[in-house]
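Presented below is the structure to which this report refers.
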Amino acid sequence: MTNSVVDRCPDAVRAYLALASGEDRTAATPLFAEDAHVADDGTDHRGRAEIREWLDRVAGEFSYTTTPISADGDAASDRVSVRCRIEGNFPGGVVDLDYCFRLDAAGRLMSLVIAPAVDQG
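Here is the structure:
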């Protein structure tokens with residue numbers, strides 16, 4: 005994924021966004037630490053096995069594209085937030101989501117919380 009919005013983000017965040025937007029979303033699984041946690045759509049997924057199942061399920065539910073529109077954090081950060089616009093064949097068709105990443109000391113994804121974007125207006 006080439007997108008200047010995420011160019012300064014840590015490698016694992018950029019790689020996740022690229023892989024999770026592609027045809028094989030489960031390829032993003034190794035970016036997570038063994039004991040990582042993902043919270044999405046009111047459900048928690050703990051450990052790589054559950055995260056892989058979640059990525060596989062999400063890939064089969066809807067067709068969609070993910071476009072990063074803003075990022076807070078840089079390559080030296082252990083916490084990074086990326087706002088993405090999701091467009092696809094799901095109810096509503098377009099939604100902005102905040103992806104809040106936390107990385108471990110080795111640069112792997114320790115947690116990811118995905119939630120509807122809340123405007124700070």
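For what it's worth, the numbering used here labels the leading residue of the sequence shown as 5, then goes sequentially.
Heads up, the beta-carbon is just placed ideally off N, CA and C, and yes, glycines get one too.
**Request:** Report buried or exposed for threonine 70, applying the criterion of at least 16 other Cβ atoms within 10 angstroms of its Cβ.
**Result:** buried
**Prompt:** Can the beta-carbon of alanine 63 be found closer than 8 Å to that of arginine 29?
**Reply:** In contact: alanine 63 and arginine 29 (Cβ atoms closer than 8 Å).
**Request:** Please name the residue, chosen from Cys88, Arg106, Cys104, that lies closest to cysteine 98 on a Cα-to-Cα basis.
**Result:** Correcting the residue type first, residue 98 is valine in the shown sequence and not cysteine. Answer by Cα proximity: Cys88.
**Prompt:** What beta strand (DSSP E) runs, 3 residues minimum, are completely inside the region 9–45?
**Reply:** 36–44
**Message:** In whole angstroms, give me the CA-to-CA distance for valine 9 and tyrosine 103.
**Reply:** 13 Å
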